[in-house]
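Below is one structure, written out as structure tokens; the observations come after it.
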């Protein structure tokens, strides 16, 4: 309460100061005379215009250089997917054209403001229009826009086209507030789903009568082989979410009742990406500031999956780790995964085939359910990198 | 009735000589409107009073909206800071832990973000900007006694007031105000199970905005009718100032797009209350599978953005009109390319209706459709560029009188360029894959339609303050306000581009969940501090405004800026009916500045035979 009272008091003081400034300057202006006051003002503010121009341009350049590592296509944050490189280069083409316009128009705007301030004996010129000039500066942006549209749309249609080649299909289902991941298992087919079958043991409503579901995996993170095409089937259980992989330039809404997809090819393994980060100072610091001897930032880097469509109060926390590995590591990882049906549904009351013999039944079926733990995986990956 | 005292001015003499006598003051209608306090200042039908009502209500909402942004900026800049001191105001939305440290609840963070957007977009930049200046300037600049329907005009304000009251009330609900983003996408906005704010908060939100649309439509019908039918003798369409063109086009856009929004809201209400499924399909929420199937959340997005996109032009066009007028008057030069300015506004207005899906590139619509929206979106850059070049050319070889209005007009052009150029990135769908829903978008629209529109509004307030109150605002405070805000606004929003390029999503309560998004702690602190400073500079404006109403320097001449347009031919503090005698007749276009060695020709002066260029 005290701090609020202090706040009010300070506000009142500021108010009094403002009013006093107003009164004093009003009186000073009257003493000097309207014309003199305006003359002084013109000179001052015209100069401020030039100062602002210089300051603003310096601010832009310095801040851009300082943050250049976060620009698309520079520094450690170049795209880790093949189509992402296309996006980065398009971004930079646009930056080039808009940069020119930005600088040129700002110089003209502030320079003219300074140059053509009101001065005694100088009158404004009567220039109402200039058809030739107007045609030129309508045509130039039109041409530039045409170039950007052509580049942009050719990239867009290439990126968004569904694929007919061979691809790895995975599924991500957004719900409040996490992602549920599904891999198709050994048959390479995702089984059918029915949202009315969702319950505690069936988080995405898989229809267990569909045997395509029986080998589907529910891993805790995304693991993918480098250089292979991936098609993500994106769905949502409750409200809109957005499947967002910032490093891969992948983003697509997850819509309840309407699966969407995104096709991309990861090109940089997690290990390679870490090696790239190693070059940059900001990553050569301990990951945990309280443990200066611990691993450095680049060593613990991981690709991340986030949500980019407001989905409720936990929107900011929908994280999954994404790992890009070599094909053989991927195969090994895949082999370790247990189908969800086998570990959690088989022969429970939820299993329509309870007590019946299935072709997929194997001795391992009786093995206890094993949750995929992140630690185990990191150990596996580190072992891999040690080789 | 106010009759100008003293020696009649040159313009008054011209009106007396050439004006049109509509016998307005022969009837007592004029007096009837100002019979007592209540119908002079509260239920007023005078367009000038209604304009002030819109402005002051808009200022009230701007302060509320800005304070909200400060609270969530504190959360983003200083996530670990103690917020217990806000508990007396925010109550249960601040949770205090065992050590006495207060934290803002994430539910309320999202409510604040949502309310900030809704309030600033609709209540401040639509009602506060277009409502104020359309009301003030349309009758004054076209030579009308008042709006075509003063009654509808009054109702327009009071529907806005009602909408505001409901929204204000919703801030105090136990489940909190609506918290699903100002776009209110279903299913989140439909399902109270999915978010506390989607309960009563959302009910109030939709009802409030339906009343708001009623207000906009009543206003819009009035503006259009007035511009088309009540122009004084000689005021052809091509002799209208660009402000009037802007308000006229804005009103048409509003009239065509707001009803679509309302239809979306009604379907939303049906989904919420009657178990229909316009926007719902196969949802499992709160432990149960909903019965509704067959709808599409994307349909709502189409309906919303069919208004939503024109809405940004509803916000920016009036600012453009004001800036065009102010630049011309204070550079003492005709606006460069008057007809090009009008045609570019018409082009922007037309294009604004066929670009809405550029907000939805990543929403799951067929990617093929996006091709058209990319093309039309980038075409908008052409008329926008024409406008920018014309504004800059207006300054060329001018004789610039620097006052607060002119400074804000120049600042507007800078903001419009900076924010407009980033639109070229976002309008290109391929780049939008990465930038969509990141801080890059936040930076883009805050600069181009937030700050720029506010600059247009400030410019207009400083410029026409004498027209409203017969006094001037304090210039020193105005300049402190301008330079501080100009620097501060860039300090707040420019760094957000970098954060956005790094891929940090908007609408995050905190960034430390993700390693990829958490490296901007220092920058976020900087932005928050800058935002607080910018807020206090707006306090300077508000104080200046109210101080000047009663204590500002008095306006001594009717036409203080040597402006051509006819609003300056009315007496100072004009009463109902605007002109005490005859209506002015218009003889020329509104931008005859600096011609033939004369500072300006008033619009009421007949064109002489020896004049060089006639428009």
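Protein chains in written order, with this note's numbering: chain A, 20 to 406; chain B, 27 to 641.
Glycine is no exception: its CB is placed at the ideal position from the N, C-alpha and C atoms.
For residue 286 of chain B and residue 327 of chain B, the gap between their C-alpha atoms comes out near 11 angstroms. Taking 9 angstroms as the cut-off between beta carbons, the residues of the segment 412-436 of chain B near chain A are 412, 414, 415, 416, 417, 418, 419, 420, 421, 422, 423, 424, 425, 426, 427, 428, 429, 432, 433 and 436, in sequence order.
Considering only beta carbons, the part of the segment 81-111 of chain B lying closer than 8 angstroms to chain A consists of 111, in chain order.
Under the three-state reduction of DSSP, residue 538 of chain B is assigned to coil, being neither helix nor strand. Residue pairing by DSSP puts residue 190 of chain A in a beta bridge opposite A:201 and A:252.
Taken through DSSP and simplified to helix, strand or coil, residue 56 of chain A comes out as helix. Only those residues of the segment 322-354 of chain A whose C-beta falls short of 9 angstroms from the nearest C-beta of chain B are listed: 322, 323, 325, 326, 327, 328, 329, 330, 331, 332, 333, 334, 335, 336, 337 and 338.
Contact annotation: in the segment 230-259 of chain A, residues whose CB is within less than 7 angstroms of a CB in chain B are 256, 257, 258 and 259. Between the alpha carbons of residue 500 of chain B and residue 47 of chain A lies a distance of about 12 angstroms. Annotation for residue 368 of chain B: 271 place their beta carbon closer than 6 angstroms to its own, counting only its chain and skipping 5 residues before and after.
A distance below 8 angstroms between beta-carbons, with the five flanking residues on each side excluded, links residue 305 of chain A to the following residues of its chain, in chain order: 311, 312, 313, 314, 315 and 316.
In this structure, DSSP gives residue 297 of chain A a helical state, which the three-state scheme calls helix.
One alpha carbon belongs to residue 632 of chain B, the other to residue 638 of chain B, and they sit about 14 angstroms apart. The beta carbon of residue 393 of chain B sits closer than 8 angstroms to some beta carbon of chain A. With 16 or more other CB atoms across the displayed protein chains lying within 10 angstroms of its CB, residue 533 of chain B is buried. Among the CB atoms of chain A, none fall inside 8 angstroms of the CB of residue 296 of chain B. Residues of chain B whose Cβ lies closer than 7 angstroms to the Cβ of residue 125 of chain A are, in chain order, 440 and 443.
No Cβ-Cβ contact shorter than 8 angstroms links residue 62 of chain A with residue 133 of chain B.
Proximity of residue 541 of chain B to chain A, defined by a Cβ-Cβ separation below 8 angstroms, is satisfied.
With respect to chain A, the C-beta atom of residue 259 of chain B has no partner C-beta closer than 8 angstroms.
Chain A has no Cβ within less than 8 angstroms of the Cβ of residue 268 of chain B. Counting of Cβ neighbours within 10 angstroms places residue 616 of chain B among the buried residues, the total reaching 16 or more. At a cut-off of 8 angstroms, the C-beta of residue 283 of chain A has no neighbouring C-beta in chain B. Here residue 319 of chain A is not bridged, per DSSP, to any residue. Within the DSSP secondary-structure output, residue 498 of chain B pairs in a beta bridge with B:579. Within the segment 92-121 of chain A, the residues whose Cβ lies closer than 9 angstroms to any Cβ of chain B are, in chain order, 96, 98, 102, 103, 105, 106, 107, 109, 110, 113, 114, 116, 117, 118, 120 and 121. The criterion of a C-beta distance shorter than 8 angstroms is not satisfied by residue 35 of chain A and residue 503 of chain B.
The criterion of a C-beta distance shorter than 8 angstroms is satisfied by residue 41 of chain B and residue 595 of chain B. Taking residue 538 of chain B as the centre and dropping the five residues before and after it, the same chain places the C-beta of 105 and 544 closer than 8 angstroms to its C-beta, in chain order. Residue 641 of chain B and residue 360 of chain B have their alpha carbons spaced roughly 11 angstroms apart. Taking a 10 Å sphere around the C-beta of residue 39 of chain A, we find fewer than 16 other C-beta atoms and assign the residue as exposed. In the three-state reduction of the DSSP assignment, residue 556 of chain B falls in the helix class, which pools H, G and I.
By the Cβ criterion, the segment 216-236 of chain B is in contact with the segment 257-265 of chain A, since at least three pairs of Cβ atoms, one from each stretch, lie closer than 8 angstroms. For residue 195 of chain A, the closest Cβ of chain B is nearer than 8 angstroms. A straight line joining the alpha-carbon of residue 252 of chain A with that of residue 273 of chain A spans about 9 angstroms.
Distance from the CA of residue 623 of chain B to the CA of residue 140 of chain A, rounded to the nearest whole angstrom, comes to 11 angstroms.
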